[in-house]
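Participant: Residue numbers (the numbering used here): 1 to 191.
Beta carbons: idealized from backbone N, C-alpha and C, even for Gly.
Take a look at this one; I'll ask things after.
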Amino acid sequence: MLNIVLFGPPGAGKGTQAAKIVEKYNLTHLSTGDVFRANIKEETELGTLAKSYMDKGELVPDEVTIQMLESEVDKVDSPKGFIFDGFPRTTPQADALEKFLKSKNTSVSLMLVLDVSVEELVKRLLLRGIESQREDDQNEEIIRNRIRVYNDQTAVVADYYSQEGKFEKINGVGTIEDIFNSVCSNIEKYI
Ligand code: ADP
């Protein structure tokens, strides 16, 4: 299986690139943010809980997130591989993912990081807030808090994969096609 962790701060372009990777390599896309938003829309218990954190730009607790991710993986019949988008976001989540994939005789193949400056991120997210209905993209303070949470709690997860020699950093500024070409040439090194 080819299992990719797509990484980078909010607004880095993970969703856009994930859609293109899924199409080319036939992987299953799992975005924790998308699953939380679907639960909010369906007004599930998980949705109500997640919303209380997401509205502030904070992370949903690890235990809840890990359990949800594992159940999403288990729903997929004979997967070719996964692209994890928005997960793992903390070291305990990375530990849990490794253990979980090991129990399925597989592992993370590589982490791809999209690199974008803070000011460019804020600009992109405010624009996305205007175009979409995402509430967490409509307030600059919440946006800046999410970027802060990324730098404080999430960025360290990269060390985890970089120590294992499974880490590739990609310039996330440029055309979608140019970024995708660079994504693909990095993926090819691992297959
Ligand atoms: P973005 O990358 O633009 O912040 P996401 O859709 O990935 O958007 O996530 C939106 C929100 O969902 C996050 O701010 C956070 O509150 C919650 N979330 C998503 N993934 C995780 C995770 N792995 N752990 C904890 N919270 C998460």
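Is Pro92 near the ligand NAD, going by C-beta to nearest heavy atom under 7 Å?
Facilitator: What this structure holds is the ligand ADP, not the ligand NAD.
Participant: Can you tell me which of the three DSSP states Leu6 falls into?
Facilitator: The answer is strand: DSSP assigns Leu6 an E or B state.
Participant: Can you find the residues in the same chain that come closer than 6 Å, C-beta to C-beta, to Leu101, ignoring five residues on each side of it along the sequence?
Facilitator: Result list for Leu101: Ser107, in chain order.
Participant: Return helix, strand or coil for Asp115, following the three-state DSSP convention.
Facilitator: Note: Asp115 maps to strand in three-state DSSP.
Participant: Please state whether DSSP places Glu43 in a helix, a strand or coil.
Facilitator: Correct three-state label for Glu43: coil.
Participant: Would Pro10 and Tyr150 qualify as a contact pair, given that the criterion is a beta-carbon distance under 8 Å?
Facilitator: For Pro10 and Tyr150, yes; Cβs fall inside 8 Å.
Participant: Could you check if Glu188 is buried or exposed, using at least 16 other CB atoms within 10 Å of its CB as the buried criterion?
Facilitator: It is exposed - the Cβ of Glu188 has fewer than 16 other Cβ atoms within 10 Å.
Participant: Are the region 120 to 127 and the region 9 to 27 in contact at 8 Å, needing three or more beta carbon pairs?
Facilitator: Yes, the region 120 to 127 is in contact with the region 9 to 27.
Participant: How many whole angstroms separate the CB atoms of Gly15 and Ser31, which I take to be in contact at a CB cut-off of 8 Å?
Facilitator: Yes, Gly15 and Ser31 are in contact; Cβ-Cβ is about 7 Å, under 8 Å.
Participant: Determine the extent of the beta strand (DSSP E) in which Leu30 is found, giving its start and end residues.
Facilitator: Unbroken beta strand (DSSP E) run through Leu30: 28 to 31.
Participant: Check Phe87 in the structure and name its three-state DSSP category.
Facilitator: In this structure, Phe87 counts as coil in the three-state DSSP scheme.
Participant: Rank Glu42, Phe36, Pro79, Glu164 by C-alpha distance to the C-alpha of Lys51 and give the top, closest one.
Facilitator: Looking at the Cα atoms, Phe36 is the closest of the given residues.
Participant: Would you check if the distance between the CB atom of Gly33 and the CB atom of Gly81 is smaller than 8 Å?
Facilitator: Cβ distance not < 8 Å, so Gly33 and Gly81 don't count as in contact.
Participant: When the Cα atoms are used, what is the spatial distance from Lys75 to Ser132?
Facilitator: Computed Cα separation, rounded: 28 Å.
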